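To keep things clear, I will list the structure first and then write my remarks on it.
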Amino acid sequence: MSNDIRDYPARARSSDGLYRFLGGSPVAVAFRLILLSILVGVVLSAIGFDPLNILHSIQLLFIRLYELGFDAFNWLWRYFLLGAVIVIPVWFLSRLFAPRGR
Numbered sequence: 000m001s002n003d004i005r006d007y008p009a010r011a012r013s014s015d016g017l018y019r020f021l022g023g024s025p026v027a028v029a030f031r032l033i034l035l036s037i038l039v040g041v042v043l044s045a046i047g048f049d050p051l052n053i054l055h056s057i058q059l060l061f062i063r064l065y066e067l068g069f070d071a072f073n074w075l076w077r078y079f080l081l082g083a084v085i086v087i088p089v090w091f092l093s094r095l096f097a098p099r100g101r
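Okay, so the sequence shown: first residue is 0 according to numbering that gives the first Met the number 0, each after it adds one.
Below is the structure:
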């Protein structure tokens with residue numbers, strides 16, 4: 000059979016849009032995300048965070064933005080800087096050590 004999928008190299012079969020978007024097979028990516036979520040959850044729990052606390056903080060953010068108006072931008076800026084201290088280096092390292100094949 001000339002149109003049999005086994006005739007195509009593995010690279011061509013695995014280059015569909017979903018595979019490329021996820022960076023691997025959906026099952027493998029789901030497994031890695033679940034494992035990483037559990038590990039991050041353990042670390043966050045060890046330092047005192049819980050999901051309801053995070054949701055409450057997000058709710059409080061929107062309430063303060065509504066109530067404080069422009070003064071909230073200073074408050075929001077501090078949260079941005081606090082998050083950027085973690086997010087920007089992680090992003091940079093992930094780009095630095097990413098495979099160059101794309």
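Positions of the beta carbon are idealized from the N, C-alpha and C atoms, including for glycine.
Since this is a predicted model, take the numbers as computed values, not measurements.
Rounded to the nearest angstrom, the gap between the Cα atoms of leucine 80 and phenylalanine 69 is 18 Å.
For serine 24, there is no enclosing alpha helix (DSSP H), as DSSP gives it neither H nor E. The beta-carbon separation of tryptophan 76 and arginine 63, rounded to 13 Å, does not stay under the 8 Å limit for a contact. DSSP places isoleucine 46 in the coil class of the three-state scheme, outside both helix and strand.
Within the same chain, and ignoring the five residues on either side of valine 28 in sequence, the residues whose Cβ sits closer than 6 Å to its Cβ are Leu21.
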